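The structure appears below as structure tokens.
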Amino acid sequence: MIGRLNHVAIAVKDIRAASEVYRTKLGAEVSEIVPQPDHGVSTVFITLPNTKIELLEPLGENSPIAKFLERNPEGGVHHICYEVDDILAARDQLKATGARVLGDGNPKIGAHGKPVLFLHPKDFLGTLTEIEQA
Ligand code: CO
Numbered sequence: 266m267i268g269r270l271n272h273v274a275i276a277v278k279d280i281r282a283a284s285e286v287y288r289t290k291l292g293a294e295v296s297e298i299v300p301q302p303d304h305g306v307s308t309v310f311i312t313l314p315n316t317k318i319e320l321l322e323p324l325g326e327n328s329p330i331a332k333f334l335e336r337n338p339e340g341g342v343h344h345i346c347y348e349v350d351d352i353l354a355a356r357d358q359l360k361a362t363g364a365r366v367l368g369d370g371n372p373k374i375g376a377h378g379k380p381v382l383f384l385h386p387k388d389f390l391g392t393l394t395e396i397e398q399a
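For the sequence shown, our numbering assigns the number 266 to the initial residue and increments by one for each residue that follows.
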């Protein structure tokens, strides 16, 4: 069912410093910082030949990544995102296996303007897993 790895998201406390690590040490193509108030994060997109890395920094009160950074003050991999052809079909198929879909179970528009859902990390090897309609 799952397709391409769309992105790996890394939560950081200082997105400017984190961007510089990718730009200067790894020689990556790094975007500007994009505030996403609807999602409670600022993002930087790093384009690799076969996928993307997203750096996430908390934005505003109640950021969804604030607790993660309390537990992981140095930052860390927050989630991975796989593409699916049909997000509703994928959701129903996942639910039929007993996997838990976070939130109200309805896709929301993610940081790329496409419908996304998050799956409970306890059902996916301790890894918060996002699916995005390709
Ligand atoms: Co994501």
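Quick reminder that beta carbons are idealized off the backbone N, C-alpha and C, glycines included. Keep in mind the model is a prediction, meaning the values are calculated, not measured.
Check: Three-state secondary structure assigned by DSSP to residue 284; Outcome: helix
Check: Under 7 Å between C-beta atoms of residue 274 and residue 333; Outcome: no
Check: Residue 374 - partner residues in DSSP beta bridges; Outcome: 380
Check: Three or more C-beta pairs below 8 Å linking the region 362-370 and the region 309-328; Outcome: no
Check: Cut-off 7 Å between Cβ atoms - residues of its own chain near residue 266, not counting five sequence neighbours on either side; Outcome: 349, 355 and 358
Check: Close-in-space but distant-in-sequence residues of the same chain around residue 286 (CB under 7 Å, 5 per side omitted); Outcome: none
Check: Candidates 344, 305 and 340: closest to residue 327 by CA position; Outcome: 305
Check: Collapsed DSSP secondary structure at residue 308 in the structure displayed; Outcome: strand
Check: Inter-residue Cα distance where the pair is residue 291 and residue 311; Outcome: 11 Å
Check: Helix, strand or coil at residue 276 according to DSSP, with G and I counted as helix; Outcome: strand
Check: Check: residue 339 C-beta below 6 Å from any heavy atom of the ligand CO; Outcome: no
Check: Residues whose Cβ lies closer than 5 Å to any heavy atom of the ligand CO, in chain order; Outcome: 274, 346 and 395
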